[in-house]
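Visitor: Have a look at this one before I ask anything.
Residue numbers (full-length UniProt numbering): 1 to 213.
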């Protein structure tokens, strides 16, 4: 499996191409700002794009969807959409065949109601649900609780070796692993939801106290 991470612009956004080396089939995740760069990479390496996913509906993750659809003829998919080629709906536990690989959808609401993560092999594409050393922003207590549950019930149930590929270069590194985040991410180290929420409310002060950029 090949994972190519692209700095697409915007607010330090990342886009991704994931390819099965055996079949040459590929999928694209969060093709915002400069989708032609990702399509060009696929063409230069002989990969055929089969799917395009957005991890959630915010503009900085979807503003390239029209352009990449024009370039590839592939309809970009968000949570709740049905893939016109396979008839598979983008929902929790849905699986999309990619050559010898499978891309599995994890529904992870919190940052937005339509947030998903995508698991391909041991690579997890987390959008704005989980960053390296941080988690996605939320506005209300209810959203924060949804995010807390998504993190603990979905993502932290994955093996420690699972690689984490986030939607932005916000954290301490451009990628991480579930094991590293489990052991070091301040939000994941909180003993319960109330402590998690308190850290969200006091994150600016926490960063200042601990020298976090």
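Think of the CB as a built atom: it goes at the ideal place given N, C-alpha and C, for glycine as much as any other residue. Computed from a prediction, not measured in an experiment: that's the story for all the values here.
Please name the residue or residues paired with residue 51 in a DSSP beta bridge.
Guide: Reading the chain shown from its first residue, position 51 is the one you call residue 51. Answer by DSSP bridge pairing, in chain order: 27.
Visitor: Can you give me the start and stop residues for the beta strand (DSSP E) that residue 14 sits inside?
Guide: Numbered from 1 along the chain shown, position 14 holds the residue referred to as residue 14. Residue 14 -> beta strand (DSSP E) spans 13–19.
Visitor: Ends of the alpha helix (DSSP H) at residue 207?
Guide: Along the chain shown, read from residue 1 onward, the residue named residue 207 stands at position 207. Residue 207 -> alpha helix (DSSP H) spans 203–210.
Visitor: Pick out the complete beta strand (DSSP E) segments inside the stretch 123–179, 3 residues or longer, and give them in chain order.
Guide: For the stretch 123–179, whole beta strand (DSSP E) runs of length 3 or above, ordered along the chain, are 123–127, 163–166.
Visitor: Compare the C-alpha of residue 62 against each of 82, 159, 114 and name the closest.
Guide: Mapped onto the chain shown, residue 62 falls at position 62. Residue 114 is the option with its Cα nearest to residue 62.
Visitor: Who does residue 4 pair with in a DSSP beta bridge?
Guide: Position 4 of the chain shown, counted from the start, is the residue given in the question as residue 4. In DSSP, residue 4 forms a bridge with 17.
Visitor: Which residue wins for smallest C-alpha separation from residue 9, given the options 132, 157, 59, 73?
Guide: By one-based count along the chain shown, residue 9 stands at place 9. Selected option, being the one with the closest Cα: 59.
Visitor: Is residue 108 buried or exposed, if buried means 16 or more other CB atoms sit within 10 Å of its CB?
Guide: The residue given as residue 108 occupies position 108 in the chain shown. Classification of residue 108: buried, given that the 10 Å Cβ count is 16 or more.
Visitor: Assuming residue 132 contacts residue 171 under a Cβ cut-off of 8 Å, what Cβ separation, rounded to an integer in Å, is found between them?
Guide: Taking the chain shown and counting its residues from 1, one reaches residue 132 at position 132. Taking the chain shown and counting its residues from 1, one reaches residue 171 at position 171. With 8 Å as the limit, residue 132 and residue 171 qualify as a contact, their Cβ atoms being about 3 Å apart.
Visitor: Should residue 125 and residue 72 be called a contact, given that it needs their Cβ atoms to be closer than 9 Å?
Guide: The sequence position of residue 125 within the chain shown is 125, counting from 1. The sequence position of residue 72 within the chain shown is 72, counting from 1. No.
Visitor: Closest by CA to residue 45, which one among 20, 31, 119?
Guide: The residue you call residue 45 lines up with position 45 of the chain shown. Here the closest residue by C-alpha is 20.
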